[in-house]
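First the structure, in the form of structure tokens, and then the observations on it.
2 protein chains.
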Amino acid sequence: MQCPVAKMIDSVRPPTRKQRELADREKLILDTAQTMLHQHGYNHLTMERIAETVEYSKGTIYNHFASKEDLVCSLSCRCITNLIEIFERAYQFEGSTRERYSAIGIGFSLYHQLHPMDAQNIQTVKNNAVREKVSKEKLAKMESLEQKITKIAQSIVQDAIDCGDLDKKHQDNVSTIVFGCWSMHYGALLLDQSDIPLHEMGFSPVVKMLWHNANIYLDGYNWLPLSTTTDSNNLFKKISSALFDE
Amino acid sequence: MQCPVAKMIDSVRPPTRKQRELADREKLILDTAQTMLHQHGYNHLTMERIAETVEYSKGTIYNHFASKEDLVCSLSCRCITNLIEIFERAYQFEGSTRERYSAIGIGFSLYHQLHPMDAQNIQTVKNNAVREKVSKEKLAKMESLEQKITKIAQSIVQDAIDCGDLDKKHQDNVSTIVFGCWSMHYGALLLDQSDIPLHEMGFSPVVKMLWHNANIYLDGYNWLPLSTTTDSNNLFKKISSALFDE
DNA sequence: ACATTTTTTGACGCTCCGTCATATTATTAA
DNA sequence: TTAATAATATGACGGAGCGTCAAAAAATGT
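Sequence order for the protein chains is G and A. Numbering-wise (this note's numbering), the first sequence opens with residue 1 and increments by one. Numbering-wise (this note's numbering), the second sequence opens with residue 247 and increments by one.
See the structure below:
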């Protein structure tokens with residue numbers, strides 16, 4: 001259930017040569033697994049094939065990861081880490097609190113648009129049958145990343161209340177507001193990437209609907225400035241290029 | 247990929263004795279699988295164990311279902327059928343369009359609260375790695391159920407526009423509104439049932455947050471009567487007992 | 001009663017996971 | 001430098017479970 005290498009890597013401060021080697025190999029394994037996952041899908045990803053490709057034995061892979069699911073969960077953690085970076089950029093977006101909060105939604109939405117495989121990954125790990133086989137330690141790690149990402153969103157909402165963009169009466173609803181956007185975006189993402197033929201069912205592109213709905217939702221909270229007094233299309237472009245300029 | 251029994255059952259009008267027997271057995275298998283799933287989880291559910299429990303051989307099970315995933319997808323279809331029933335009751339709720347639409351959200355939310363295992367099931371089947379192994383026919387069936395359930399929601403939104411509860415300018419957004427609620431509820435449900443310790447992260451109970459957020463969202467669309475002019479707590483109780491009175 | 005078709009069965013082949021005794025490499029001690 | 005010891009890597013192996021298919025059993029027709 002626990003793997004030997006894990007505690008070697010993230011131990012004390014100055015990483016020894018050994019530690020660097022291990023960390024490098026772990027990265028190699030993850031990169032390889034990710035590529036294989038993208039190319040051939042989850043069902044075709046096997047520990048044997050990973051081992052063969054990285055040219056280490058299966059046992060060595062198992063020194064790094066407690067199970068196949070544990071490995072996939074690590075990939076998921078890397079995705080969340082990427083998202084955190086984007087969220088931090090959104091946090092620092094120069095603009096109103098509402099714009100900064102919108103930036104988070106846009107960042108989330110576009111990230112998954114750009115990396116649909118990562119979205120699948122995250123969804124896979126959300127499944128309890130998969131989670132059961134992930135090591136306690138890795139689950140804890142993922143949880144702490146999720147906490148971190150949640151905090152970023154929450155602090156923008158708090159900023160909005162503090163500066164008056166959002167009415168003080170919502171002080172008790174900070175986490176509810178975060179949850180609302182989170183669930184809306186998360187649900188949309190999952191519906192989008194699970195083969196349901198949304199378009200044939202008469203739905204618009206998901207990114208577009210999400211942007212519209214998120215605006216309506218925040219308008220419902222009367223978070224100023226309202227989308228009705230804003231050039232939303234333009235704002236979307238501005239934010240997305242600020243977040244993904246490279 | 248296709249299973250022999252499928253086309254025997256849902257063929258022409260008067261079901262022969264044979265057909266009834268097959269249908270009964272299929273129900274037995276599904277009921278058994280569902281119970282086993284509830285009791286011991288997805289990982290412990292095997293075709294062998296199902297076969298043993300229903301006292302038929304594995305081959306016979308495979309005459310009904312193309313794969314384990316196909317069987318689980320059938321379970322998921324039953325859940326959606328249950329949901330459709332609830333949605334239909336919501337559709338017929340005596341009240342304003344907004345109340346009827348709210349009833350759909352509450353129905354969804356409470357159904358999953360009452361049957362958390364069904365929620366897991368549905369999520370399992372949403373996963374692409376699982377979907378890959380479901381027969382084309384069953385996927386089509388599920389899709390048509392999803393279409394049907396979507397239609398119910400859409401027609402209430404349309405009613406609202408027709409009677410003026412919702413501004414005509416949203417005529418083009420009917421499916422976006424449905425998608426908004428759908429994604430919000432679906433996302434909340436998944437976040438809730440995937441072991442994320444929401445409560446420890448400072449979140450309220452999911453049903454409560456959903457009800458609040460759905461109201462805010464619909465207020466954002468200015469769907470009358472607004473939640474600010476309504477006794478929401480009372481409405482919630484009224485709707486939930488109308489939907490789940492038995 | 002026998003022939004033919006349909007259905008059921010479970011042994012079998014196969015894939016893949018995770019383990020662990022053994023082999024290999026690295027480190028330390030003398 | 002070499003021997004002893006510790007750390008690490010290996011891949012053969014056991015086991016679980018999926019899906020198949022030839023043969024057996026049951027149902028149906030003649």
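Where a beta carbon is used, it is the ideal one built from N, C-alpha and C, also for glycine.
Per DSSP, reduced to three states, the secondary structure at L166 (chain G) is coil, with no helix or strand assignment.
Under the three-state reduction of DSSP, K264 (chain A) is assigned to helix. Residue state for L435 (chain A) is assigned as helix, using DSSP reduced to three classes. Shown here for V452 (chain A): same chain residues with a beta carbon closer than 6 Å to its own, the five before and five after excluded, namely A434 and D438 in chain order. Against Q393 (chain A), the close residues of chain G are M201, in the order they occur along the chain (beta-carbon pairs closer than 7 Å). Around the Cβ of L114 (chain G), a 10 Å sphere holds fewer than 16 other Cβ atoms; the residue is exposed. Per DSSP, D70 (chain G) is one residue of the alpha helix (DSSP H) stretching across K68 to Y91. Residue-level contact by beta carbon fails for E272 (chain A) and chain G, as no gap is shorter than 8 Å. Straight across, the Cα-Cα distance linking H212 (chain G) with S487 (chain A) is about 33 Å.
With 16 or more other CB atoms across the displayed protein chains lying within 10 angstroms of its CB, G180 (chain G) is buried.
Here the alpha carbon of I462 (chain A) sits roughly 40 Å from the alpha carbon of K379 (chain A).
Remark: C-beta atoms of V300 (chain A) and L274 (chain A) approach each other more closely than 8 Å. S135 (chain G) is classed as buried because its beta carbon has at least 16 other beta carbons within 10 Å across all chains shown. Among the residues facing chain G, A386 (chain A) is not included, as its CB has no counterpart in that chain under 8 Å away. Between H112 (chain G) and A119 (chain G), the beta carbon gap of about 4 Å places them in contact (Cβ cut-off 8 Å). Pairing N289 (chain A) with L321 (chain A) gives a Cβ-Cβ distance that is not under 8 Å. With contacts defined by Cβ atoms closer than 8 Å, R266 (chain A) and L489 (chain A) do not form a contacting pair. A residue is called buried when at least 16 other Cβ atoms come within 10 angstroms of its Cβ; N373 (chain A) meets this threshold and is buried. Between M36 (chain G) and chain A, the shortest Cβ-Cβ separation is not below 8 Å. Contact with chain G is absent for H286 (chain A), since none of that chain's Cβ atoms lies less than 8 Å from the residue's Cβ. The closest CA to that of L268 (chain A), considering only A:H284, A:L283, A:C249 and A:S478, is found on A:C249. By the Cβ criterion, the segment 337 to 351 of chain A is in contact with the segment 402 to 409 of chain A, since at least three pairs of Cβ atoms, one from each stretch, lie closer than 8 Å. When secondary structure is reduced to three states using DSSP, P250 (chain A) falls in the helix class. Chain-order list of chain G residues neighbouring E378 (chain A): G41, Y42 and N43, by C-beta distance under 9 Å.
Per DSSP, reduced to three states, the secondary structure at W457 (chain A) is helical. At a cut-off of 8 Å between C-beta atoms, Q123 (chain G) counts as an interface residue with respect to chain A.
Boundaries of the alpha helix (DSSP H) around V300 (chain A): M293 to V300.
In the DSSP annotation of this structure, the continuous segment of the alpha helix (DSSP H) that includes K304 (chain A) starts and ends at K304 to H310. Counting along the chain, the unbroken alpha helix (DSSP H) around Y101 (chain G) starts and ends at T97 to L114. Here DSSP, grouped into helix, strand and coil, assigns F244 (chain G) to coil. In this structure, L456 (chain A) and D465 (chain A) do not form a Cβ contact; the two beta carbons are roughly 15 Å apart against a cut-off of 8 Å.
At a cut-off of 8 Å between beta carbons, S240 (chain G) makes no contact with chain A.
When A:P443, A:K314 and A:I395 are compared, the shortest CA-CA separation from L139 (chain G) is found for A:P443. Residue contact with chain G for H361 (chain A): absent (no Cβ-Cβ distance below 8 Å to any residue of chain G). With a beta-carbon spacing of about 5 Å, I398 (chain A) and F333 (chain A) fall inside the 8 Å limit used to define contacts.
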